[in-house]
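Protein chains: 2
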Amino acid sequence: MDTLDDLIGRLAPDTLLRALAPDQLEILLRKATRRDLRAGETIIAQGDETGDFAVVVLTGGLKISMVSAGGREIILNYCGPGELVGEIAMLDSGPRTATVTAAVPSSVLILPSRTFLDAATASPASVEGVMRELARRVRQLNLVIESDRTFSMAPRLARALVRLVDPDSADGRLRYHPSQSDLGAFAGLARENVSRLLSEWEAQGIVARKGRALLVRDHAYLQTLAEFGDEA
Amino acid sequence: MDTLDDLIGRLAPDTLLRALAPDQLEILLRKATRRDLRAGETIIAQGDETGDFAVVVLTGGLKISMVSAGGREIILNYCGPGELVGEIAMLDSGPRTATVTAAVPSSVLILPSRTFLDAATASPASVEGVMRELARRVRQLNLVIESDRTFSMAPRLARALVRLVDPDSADGRLRYHPSQSDLGAFAGLARENVSRLLSEWEAQGIVARKGRALLVRDHAYLQTLAEFGDEA
DNA sequence: GCGCTAGCGTGATGAACATCACAGACCGCG
DNA sequence: CGCGGTCTGTGATGTTCATCACGCTAGCGC
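Here it is, written out as structure tokens:
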């Protein structure tokens with residue numbers, strides 16, 4: 001079980017779990033049950049009524065997506081080791097609004113909602129931590145809405161790429177290898193335009209290609225594009 | 001102080017305050033200080049670093065807006081009596097990301113963050129209530145993002161109107177009387193197109209005009225448009 | 001009354017982007 | 001090796017919407 005201690009050591013920075021006191025976190029994680037997923041396997045399906053658990057990624061990566069009214073797939077996020085997924089339905093016990101599938105072979109922990117709530121309410125520090133973290137999420141989403149409204153294609157794709165770079169990799173490798181269609185569904189634009197933009201950026205040395213894989217060369221450029229749009 | 005009891009009686013349904021136990025709520029509200037605002041007066045400014053209080057609307061209405069990277073105004077929400085505003089920065093003690101001004105002459109209560117947190121952490125029921133309410137907010141925002149991405153003008157304007165109708169009014173009056181420019185900033189489209197759409201809808205009997213004021217005649221139509229888009 | 005301003009209606013133009021169509025390129029698998 | 005699938009590049013076309021440009025109206029102060 002030393003993967004568990006590993007996990008606690010490098011929990012993702014922006015996750016709800018970080019808000020819990022360390023001792024409670026450890027108890028919580030030891031109570032959870034482990035599960036392995038094949039690539040493409042679904043663990044949460046949009047529309048499920050019984051959303052009484054959340055999922056912690058141990059290894060691999062999950063894709064969170066939903067199908068829009070028009071029938072198009074929208075990818076909301078990719079989650080890697082140390083991140084918590086499905087906590088919204090767990091907290092408000094509503095139906096699942098998105099589907100979660102394994103992007104690559106993965107192993108996860110299943111956290112029943114009661115277990116999580118017990119840990120979260122155990123001390124005032126944990127309570128305030130969880131509330132703070134939830135508030136941060138709301139803040140983040142507000143920014144996304146604002147940028148979605150006003151940004152054009154390029155900044156949106158830039159934001160998608162920035163969210164996908166592997167922070168541990170020096171040469172700007174991505175954490176996953178999405179197809180251009182996936183990138184489009186993630187950034188909210190058509191597959192053809194992903195292709196056109198990437199070619200352009202490759203010519204300018206902003207991204208590079210190594211076989212299938214995409215490398216982000218000029219992270220700073222993409223970052224400012226993602227943050228301020230192309231009018232800045 | 002009977003306005004206070006009034007307020008407690010008809011708190012807005014989707015507000016964080018609802019999550020608190022009634023006795024704590026009353027204590028909390030009695031500790032808050034009251035303030036009156038003239039129309040157009042600003043109570044919270046985007047960029048303020050000391051976001052250590054939230055605001056409860058007693059009478060009137062507040063407009064929550066921000067300025068986008070391109071310099072355009074974006075109206076995020078209108079809040080009426082019984083609603084809580086500014087709770088995000090209060091909870092995560094980050095900077096203010098939006099500006100709050102009085103849309104009409106209003107009176108509000110100022111809730112210091114410490115006061116709110118004490119009430120929220122007082123009992124496990126309150127804690128779970130607040131978490132549930134925050135989670136609901138996140139869920140709501142995810143839906144907004146999804147629809148913003150895929151919806152065209154008409155559904156977006158429909159959603160704006162649905163959010164503005166006065167639930168207490170039988171004839172579909174709005175809670176405020178926004179100009180077409182404001183409606184555009186709220187729904188994310190150009191003023192001219194607001195004009196065109198409203199004319200079209202008026203011809204179809206979906207909305208009506210009484211002087212300046214707008215009346216929503218076919219609420220159900222707008223509702224389904226807002227929810228499923230124009231492909232349904 | 002007269003001007004003055006904020007808000008409205010509506011056509012013409014253009015930019016941004018989705019969609020369509022098709023031609024390679026790559027890759028596993030028999 | 002060849003063959004079918006999925007992924008990719010790139011032009012042509014069309015839609016959707018913002019933008020520009022203007023004239024109109026309705027208050028409102030004087």
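Chains A and B, in that order, give the protein sequences. Note that this note's numbering has the first sequence beginning at 1, numbered continuously upward. Note that this note's numbering has the second sequence beginning at 1, numbered continuously upward. Virtual Cβ for every residue (Gly too), placed ideally from N, Cα, C. Note that this is a predicted model, so its numbers are computed, not measured.
- Query: If you count every other CB in all the chains shown that lies within 10 Å of the CB of M1 (chain B), and 16 or more means buried, which is it?
  - Reply: Because M1 (chain B) sits at a pLDDT of 47, beneath the cut-off of 50, its placement in the model cannot be relied upon, and the following sentence gives the value as read from the coordinates. With fewer than 16 other beta carbons inside 10 angstroms of its own, M1 (chain B) counts as exposed.
- Query: Between F228 (chain B) and the rest of its own chain, which residues show a CB-CB distance below 6 angstroms, the 5 nearest in sequence each way excluded?
  - Reply: Here the set comprises nothing.
- Task: Give the single residue among B:A19, B:G80, B:V138 whose Cα lies nearest to the Cα of D168 (chain B).
- Result: Distances from the CA of D168 (chain B) to each of B:A19, B:G80, B:V138 were compared; the closest alpha carbon is that of B:G80.
- Alpha carbon to alpha carbon, how far is L62 (chain A) from G86 (chain A)? Rounded to whole angstroms, L62 (chain A) to G86 (chain A) spans 11 angstroms at the Cα level.
- Query: Does the beta-carbon of D36 (chain A) have 16 or more other beta-carbons within 10 angstroms, so that it is buried, or is it exposed?
  - Reply: Classification of D36 (chain A): exposed, given that the 10 Å Cβ count is below 16.
- Note down, in chain order, every chain B residue with its Cβ under 8 angstroms from the Cβ of P13 (chain A). Correct list: empty, because the minimum Cβ distance to chain B is about 14 angstroms.
- Task: Examine chain A for any beta-carbon lying closer than 8 angstroms to the beta-carbon of V130 (chain B), and answer yes or no.
- Result: At least one C-beta of chain A is nearer than 8 angstroms to the C-beta of V130 (chain B).
- Query: So V57 (chain B) and L17 (chain B) are in contact, right, with Cβ under 8 angstroms, and what is the actual spacing, rounded?
  - Reply: Contact doesn't hold; Cβ gap of about 11 angstroms is too wide.
- Query: Taking V130 (chain B) as the reference, which of B:R149, B:V165, B:L84 has the closest Cα?
  - Reply: Checked all of B:R149, B:V165, B:L84; the closest Cα to V130 (chain B) is B:L84.
- Message: Please report the distance separating the alpha-carbon of A160 (chain B) from that of R30 (chain A).
- Response: C-alpha separation (whole angstroms): 46 angstroms.
- Message: On the criterion of 16 or more Cβ atoms from any shown chain inside 10 Å, does R175 (chain B) qualify as buried, or is it exposed?
- Response: Around the beta carbon of R175 (chain B), a 10 Å sphere encloses 16 or more other beta carbons of the protein chains shown; the residue is thus reported as buried.
- Task: Name the two residues that bound the continuous alpha helix (DSSP H) containing R139 (chain B).
- Result: Residues 124–150.
- Query: According to a CB-to-CB cut-off of less than 9 angstroms, which residues of the region 142–153 of chain A neighbour chain B?
  - Reply: Going along the region 142–153 of chain A in chain order, one finds N142, L143, V144, I145, E146, S147, D148, R149, T150, F151 with a Cβ nearer than 9 angstroms to chain B.
- Item | Rounded straight-line distance, which links the Cα of P13 (chain B) to that of P112 (chain B) | Here the alpha carbons of P13 (chain B) and P112 (chain B) stand approximately 22 angstroms from one another.
- Message: So D92 (chain A) contacts chain B; which residues on that side make the cut at Cβ distance below 7 angstroms?
- Response: By Cβ distance, chain B contributes R132, A135, R136, R139.
- Item | Paired residues, beta bridge with D36 (chain B) - DSSP | According to DSSP, which records beta bridges pairwise, D36 (chain B) is partnered with B:S107.
- Query: Using a C-beta to C-beta distance shorter than 8 angstroms, which residues of chain A count as neighbours of F186 (chain B)?
  - Reply: The premise fails here: F186 (chain B) is roughly 11 angstroms from chain A at the closest Cβ pair, so nothing lies under 8 angstroms.
- Query: Can you give the Cα-Cα distance for A135 (chain A) and W201 (chain A), rounded to whole angstroms?
  - Reply: Cα to Cα, the separation comes out at about 35 angstroms.
- Query: How long is the line joining the alpha carbons of A98 (chain B) and L143 (chain A), rounded to whole angstroms?
  - Reply: C-alpha separation (whole angstroms): 10 angstroms.
- Message: In whole angstroms, give me the CA-to-CA distance for A190 (chain A) and D230 (chain A).
- Response: Rounded to whole angstroms, A190 (chain A) to D230 (chain A) spans 19 angstroms at the Cα level.
- Message: Under 7 angstroms: does the beta carbon of G71 (chain A) sit that close to some heavy atom of the ligand FMN?
- Response: Annotation note on the ligand FMN: not contained in the displayed structure, which lists no ligands.
- Query: Could one say the Cβ of V127 (chain B) lies closer than 8 angstroms to chain A's Cβ atoms, at least one of them?
  - Reply: Yes, contact with chain A.
- Query: Around the Cβ of L164 (chain A), are there at least 16 other Cβ atoms within 10 angstroms (buried) or fewer (exposed)?
  - Reply: Label assigned to L164 (chain A): buried.
- Message: Please report whether the beta-carbon of M1 (chain A) lies at a distance below 8 angstroms from any beta-carbon of chain B.
- Response: With a pLDDT of 47 at M1 (chain A), under the threshold of 50, the modelled position of this residue cannot be trusted; read the value that follows with caution. No, M1 (chain A) lies away from the interface with chain B (no Cβ there is under 8 angstroms from its Cβ).
- Under 9 angstroms by beta carbon: chain B residues contacting T101 (chain A): Using a Cβ-Cβ cut-off of 9 angstroms, T101 (chain A) is close to nothing in chain B; its nearest Cβ partner there is about 17 angstroms away.
- Message: Measuring only the C-alpha atoms, how far is L184 (chain A) from L157 (chain A)?
- Response: For the sequence presented, residue 184 (chain A) should be read as Gly rather than Leu. Annotation: G184 (chain A) to L157 (chain A) spans about 8 angstroms, alpha carbon to alpha carbon.
- Going straight from the alpha carbon of G121 (chain B) to that of R114 (chain B), what length do you get? For clarity, residue 121 (chain B) is Thr in the given sequence; the question names Gly instead. Each residue's Cα considered, the two are about 11 angstroms apart.
- Answer with buried or exposed for D171 (chain B), where buried requires no fewer than 16 other C-beta atoms within 10 angstroms of its C-beta. D171 (chain B) is exposed by the Cβ-count criterion.
- Item | Positions along the region 52–70 of chain A whose CB lies within less than 8 angstroms of some CB in chain B | For the region 52–70 of chain A, which is checked against every Cβ of chain B, the residues closer than 8 angstroms are M66, S68, A69, G70.
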